[in-house]
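Novice: Here it is, the structure in full.
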Amino acid sequence: MKERRPHPAINSWERYQRREARKEAWRYWSRTLWRVYRWLLLSMLSPAIMIAMGMAFDGEPGSKATVWIGGVVLAFVPCWGIWTFVPIWRDHVAMRLYFEDIADGACPDRGWQISRANGLKWYRKQGSPWWISAKRERPWAHPGDAIARLEGREPPLRQRPKW
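Using the numbering used here, read the sequence shown as starting at 8 and increasing by one per residue.
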């Protein structure tokens, strides 16, 4: 019996829907990134305008208080951004490393032991990396075993399939 294929119009409609869903996801992230970028641009541009106005006033250039205040604010914004986002980045890396190591079986925590505090302890124990290398050594783990470890069970080890 001949194998039946779906009608090309149905297949192309599904492809169209998937493409539109990807576009919508991109629109969401581009709007979000534009909001962040707009805020950052405004926070950097306003002190620069303040400095330019201070330089344009009568008197010696660079001697006005607005120039100094603008310079301080201009230096403060990137420092504040780093001060704010570095701990957020480290928490993200710590939790990702923690969950990957639980799934691989490298971390002994299971089920109810999984917490943010234990994740940060594990992160410090691993040497507090700034990022997780894609080439780091990871043991092979069956996906079912990884899910079982996250649920709190200790499954028997499965052998790696030989392809």
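The C-beta atom is built at its ideal place from N, Cα and C for all residues, glycine as well.
My output table needs one value for G134: the three-state DSSP class, helix, strand or coil.
Specialist: coil
Novice: What's the gap between the Cα of A110 and the Cα of A153?
Specialist: 4 angstroms
Novice: Here's the rule: buried if 16 or more other CB atoms are within 10 angstroms of the residue's CB, otherwise exposed. What is M60?
Specialist: exposed
Novice: Under 7 angstroms between the Cβ atoms of P146 and A155?
Specialist: Going by C-beta atoms, P146 is not nearer than 7 angstroms to A155.
Novice: Cα separation between P29 and R22?
Specialist: First, the amino acid is wrong: residue 29 is Arg here, not Pro. Those two C-alpha atoms are separated by around 11 angstroms.
Novice: Inspect the beta-carbon positions of G77 and P54 and report whether they are closer than 7 angstroms.
Specialist: yes
Novice: Can you tell me whether C86 is buried or exposed? The criterion is at least 16 other CB atoms within 10 Å of its CB, across all chains shown.
Specialist: exposed
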